[in-house]
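Asks: Sharing a structure below in structure tokens format, with a few things to ask.
Pasting the structure below:
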């Protein structure tokens, strides 16, 4: 399979997963969807009327949804939701019969973004319902109950547990606390660290 074909299939799979998730996690590939409060205890699957329960022709037909998200300014991967949104809008309308309005966003530099989103989340405001953020913030976002467990969404919608990531990526960027196996959101772009050596110090006798 060519890389181009693989990318097209991955794009289609992510759009399909996003539309099926509906109000829970509507754009796969993002780190987190904001929680409306509370948390599914003991891994119990949400009921069919829960906001974590995915889209189907019965519960979404004729509805209109608004979405906003936070993103890291100056970091191109943060624009993924906006880039995929027209495809997501078309798929949601065709497959499930609901309308998704154009997505809006707020942004800030990496160092300032957490300070921008945390007061909004703590106050329960409706500024946005999706976030593209650093995986290092998983603990700070999940411990107060601000974001949705991906595992809770998968429990209600097993078809969304598509496992497009290696175990290394999942354990490093998606699981919190470490070793717990509890998944939050979707890793979008894992980092690769490099070690560089100073030329002047190597050449200095």
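Residue numbers (our numbering): 16 to 220. Don't be surprised by glycine CBs; every beta carbon is placed ideally from N, CA and C.
1) Classify residue 214 as helix, strand or coil using the three-state DSSP reduction.
2) From the DSSP output, in three-state form, read off residue 163 for me.
3) So what's residue 95 in DSSP terms, helix, strand or just coil?
4) Is the Cβ-Cβ distance between residue 79 and residue 106 less than 8 Å?
5) Going by the CB atoms, is the gap between residue 155 and residue 199 shorter than 8 Å?
6) Residues bridged to residue 121 by DSSP?
7) Here's the rule: buried if 16 or more other CB atoms are within 10 angstroms of the residue's CB, otherwise exposed. What is residue 86?
8) Which of helix, strand or coil does DSSP assign to residue 199?
9) Can you tell me whether residue 138 is buried or exposed, with buried defined as 16 or more other CB within 10 angstroms of its CB?
10) Mark residue 96 as exposed unless 16 or more other C-beta atoms lie within 10 angstroms of its C-beta, in which case mark it buried.
11) Given a cut-off of 8 Å on the beta-carbon distance, is the pair residue 188 and residue 150 in contact?
12) Measure from the alpha carbon of residue 129 to the alpha carbon of each residue in 116, 141, 146, then state which is nearest.
13) DSSP state of residue 185, grouped into three classes?
14) Which same chain residues end up closer than 8 Å to residue 135 when comparing Cβ atoms and leaving out the 5 residues on each side of it in sequence?
15) Assuming residue 202 and residue 184 form a contact by the criterion Cβ under 8 Å, report the distance between their Cβ atoms to the nearest whole angstrom.
16) Excluding the five sequence neighbours on either side, which residues of its own chain have a C-beta within less than 7 Å of the C-beta of residue 92, listed in chain order?
17) Determine which residues share a DSSP beta bridge with residue 190 and list them.
18) Ordered along the chain, which non-local residues of its own chain (more than five positions away) have a Cβ less than 6 Å from that of residue 81?
19) Where does the unbroken alpha helix (DSSP H) through residue 156 begin, and where does it stop?
20) If distances are taken between C-alpha atoms only, which option among 77, 123, 120 comes closest to residue 109?
Replies: Working from what's here:
1) Reading the chain shown from its first residue, position 199 is the one you call residue 214. Residue 214: helix per DSSP, three-state reduction.
2) Taking the chain shown and counting its residues from 1, the one referred to as residue 163 is at position 148. DSSP, read as helix, strand or coil, puts residue 163 in coil.
3) What you label residue 95 is simply residue 80 of the chain shown in a count that begins at 1. In the structure shown, residue 95 sits in a helix (DSSP, three-state: H, G or I).
4) Residue 79 sits at position 64 when you count from the first residue of the chain shown. Residue 106 sits at position 91 when you count from the first residue of the chain shown. No, the pair does not count as a contact, with Cβ atoms beyond the cut-off.
5) Here residue 199 corresponds to residue number 184 of the chain shown, with the count starting at 1. Here residue 155 corresponds to residue number 140 of the chain shown, with the count starting at 1. No. Outside cutoff.
6) The residue labelled residue 121 in the question sits at position 106 within the chain shown. Per DSSP, 85.
7) Stepping through the chain shown from its first residue, residue 86 is reached at position 71. Classification for residue 86: buried.
8) Indexing the chain shown from 1 puts residue 199 at position 184. Reduced to three states, the DSSP call for residue 199 is strand.
9) Locating residue 138 in the chain shown gives position 123, counting from the first residue. With fewer than 16 other Cβ atoms within 10 Å, it is exposed.
10) For the purposes of this step, residue 96 is identified with residue 81 of the chain shown, where counting begins at 1. Of the other Cβ atoms in all chains shown, 16 or more fall within 10 Å of the Cβ of residue 96; this residue is therefore buried.
11) Here residue 188 refers to the residue found at position 173 of the chain shown. Here residue 150 refers to the residue found at position 135 of the chain shown. Yes, the Cβ-Cβ distance between residue 188 and residue 150 is below 8 Å.
12) Residue numbering aside, residue 129 sits at position 114 when the chain shown is read from its first letter. Checking every option, the nearest Cα to that of residue 129 belongs to 146.
13) For the purposes of this step, residue 185 is taken as the residue at position 170 of the chain shown. Helix, per DSSP.
14) For the purposes of this step, residue 135 is identified with residue 120 of the chain shown, where counting begins at 1. Contacts found: 142, 143.
15) Along the chain shown, read from residue 1 onward, the residue named residue 202 stands at position 187. Along the chain shown, read from residue 1 onward, the residue named residue 184 stands at position 169. That belief holds up - the Cβ atoms of residue 202 and residue 184 are roughly 5 Å apart, short of 8 Å.
16) In the chain shown, residue 92 corresponds to position 77, counting from 1. So the list reads 203, 204, once near-sequence residues are dropped.
17) The residue given as residue 190 occupies position 175 in the chain shown. Answer is 198.
18) Start at 1 with the first residue of the chain shown, and residue 81 comes out as number 66. Excluding positions up to five away in sequence, the list reads 116.
19) Counting from one through the chain shown, the residue named residue 156 turns up at place 141. 153-157 is the extent of the alpha helix (DSSP H) around residue 156.
20) Taking the first residue of the chain shown as 1, we reach residue 109 at position 94. Ranking 77, 123, 120 by Cα distance to residue 109 puts 77 first.
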